[in-house]
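Structure record follows, encoded as structure tokens.
In this note's numbering, the protein residues as written are 2 to 392.
Laid out in structure tokens, this is it:
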């Protein structure tokens, strides 16, 4: 094996999200024995995020390398590629419907189902739950000492940060922190929509719905468990969550305040908020600069949001994390030393992630501009025509 020099070394991955799990699985398939440290006491991927569209050229590529593509196809919802676009008055700008039995290139799967698929194939002994990284300290010879809040200390030869936007690993490589993107989203859930609110299911269809206007948005996404995950979205100052006067711990009160903010929107669109059940989660959307790079370290690198967090408006977050995992795992398997492997991975990752970060930023600006629905419909048509021309 060409990677014998690395195989005996200790590889640690911080974070057991889709990127970290994919990397661990691919490394195991190439004969390595990584350890994954996860801050939560158990797998919580089912509670974080909703439905994901897995792209042919990225997420699916990693699943094929992991030997999981056929199992993925059994779980994937190809009808989830449906997409509807409205303005605030419910005028229709796009209504795309996936063709039955036509397996498109971006089928949907819930985040929890995807991660369970990965977990079922992993050697479970590699994951250490309840290990929140407190500090990573660079040692001599490229090694890193990891200090966890539970008192555990580990020393590793190769450290991979897969721990999200505010990575505890990134400070080893860069002082830069993500900046607020100008967008705040409030996450709500409409449960068992088929039985409880068939009118909303008919409006939403089987995939995603975007309603855009007034530099705001109501985004709906049908999940595999029958819920519609809703994102009430606002272009606002970073401090808005602190000054808006909404107590998000009081769901009924919070929904009423949100409905006031969309008071002149179509009543059917407001049902996405009105029908919501349970807890409400507000969150600011952060991003790293387009083209962000760090100083090369032969024993440390980053994947996923740790490397290139961006707004969700390119629809590639998890796909990029899985592509990072694929690219890094193959580079490690090809090289005798981790420094060369990381250098190859980072060169490739910077190239594709910069393109996606630019697209994400451009789409964010477009979606929260004046006449956003019309502009987005025009852009989607241009992209569709370009795709047809390329074919």
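Glycine included, every Cβ here is placed at the ideal spot set by N, Cα and C.
Check whether residue i and residue j have beta carbons under 8 Å apart
i           : j           : result
residue 251 : residue 188 : no
residue 44  : residue 63  : no
residue 339 : residue 170 : no
residue 88  : residue 224 : no
residue 22  : residue 116 : yes
residue 303 : residue 168 : yes
residue 127 : residue 35  : yes
residue 153 : residue 13  : no
residue 59  : residue 324 : yes
residue 313 : residue 343 : no
residue 141 : residue 147 : no
residue 113 : residue 190 : no
residue 297 : residue 347 : yes
residue 177 : residue 378 : no
residue 322 : residue 31  : no
residue 242 : residue 369 : no
Same chain, Cβ closer than 6 Å to residue i, five either side skipped, listed in chain order
i           : result
residue 239 : 181
residue 392 : At residue 392 the pLDDT is 41, less than 50, meaning the model places this residue with poor confidence; the figure from the coordinates comes in the next sentence. None.
residue 319 : 19, 53
residue 221 : 205, 210, 229, 231, 273
residue 259 : 233, 274
residue 249 : 255, 281, 283
residue 1   : Past the boundaries of the shown model lies residue 1; the chain is included only from 2 to 392, so the question cannot be answered.
Cα-Cα separation, residue i to residue j
i           : j           : result
residue 235 : residue 341 : 43 Å
residue 376 : residue 352 : 27 Å
residue 1   : residue 284 : One cannot answer for residue 1 here, as it falls past the ends of the chain, which runs 2 to 392.
residue 197 : residue 382 : 34 Å
residue 92  : residue 316 : 24 Å
residue 4   : residue 266 : Low local confidence applies: a pLDDT of 49 at residue 4 is under 50, so the model's placement there is unreliable, with the coordinate-based value given in what follows. Their backbone Cα atoms lie some 59 Å apart in a straight line.
residue 95  : residue 372 : 14 Å
residue 214 : residue 255 : 21 Å
residue 48  : residue 293 : 29 Å
residue 268 : residue 90  : 9 Å
residue 355 : residue 216 : 25 Å
residue 244 : residue 278 : 24 Å
residue 227 : residue 195 : 7 Å
residue 125 : residue 33  : 14 Å
residue 357 : residue 73  : 24 Å
residue 289 : residue 362 : 10 Å
residue 1   : residue 145 : The structure shown does not extend to residue 1, since the chain spans only 2 to 392, so no value can be given for it.
residue 384 : residue 264 : 33 Å
residue 329 : residue 345 : 8 Å
residue 349 : residue 359 : 16 Å
residue 11  : residue 336 : 16 Å
residue 237 : residue 380 : 24 Å
residue 219 : residue 367 : 15 Å
residue 97  : residue 179 : 34 Å
residue 51  : residue 118 : 16 Å
Assumed close pair residue i, residue j - CB separation to whole angstroms, cut-off 8 Å
i           : j           : result
residue 291 : residue 174 : Residue 291 to residue 174, Cβ: 18 Å. No contact.
residue 212 : residue 24  : About 37 Å; that fails the 8 Å criterion.
residue 41  : residue 129 : Contact flag wrong, Cβ pair sits at about 11 Å.
residue 201 : residue 276 : 6 Å
residue 286 : residue 186 : 6 Å
Same chain, Cβ closer than 8 Å to residue i, five either side skipped, listed in chain order
i           : result
residue 172 : 137
residue 165 : 16, 18, 305, 306, 307, 310
residue 77  : 55, 108, 109, 110
residue 133 : 40, 149, 150, 151
residue 390 : No answer about residue 390 holds up, because its pLDDT of 49 lies below 50 and its placement is not dependable.
residue 193 : 227, 228
residue 29  : 35, 123, 124, 127
residue 68  : 30, 122
residue 57  : 106, 107
Opening and closing residue of the alpha helix (DSSP H) in which residue i lies
i           : result
residue 274 : 268-275
residue 323 : 318-335
residue 256 : 252-262
Close-in-space but distant-in-sequence residues of the same chain around residue i (CB under 7 Å, 5 per side omitted)
i           : result
residue 70  : 61, 64
residue 66  : 27, 327
residue 386 : none
residue 120 : 22, 44
residue 131 : 42, 151
residue 332 : 342, 345, 346
residue 135 : 148, 149, 150
Host beta strand (DSSP E) of residue i (start-end)
i           : result
residue 156 : 154-157
residue 302 : 301-303
residue 190 : 180-191
residue 148 : 145-149
residue 284 : 278-288
residue 70  : Looking at the DSSP string, residue 70 is not in any beta strand (DSSP E); the run it does join, the alpha helix (DSSP H), is 70-76.
residue 293 : Taken as a continuous stretch (DSSP letters only), residue 293 belongs to no beta strand (DSSP E), as it is neither H nor E.
residue 95  : 93-97
residue 236 : 229-236
residue 79  : Run containing residue 79: none; DSSP gives neither H nor E here.
Chain C within 8 Å of residue i, Cβ atoms only
i          : result
residue 60 : Here chain C cannot be found, since the structure has a single protein chain.
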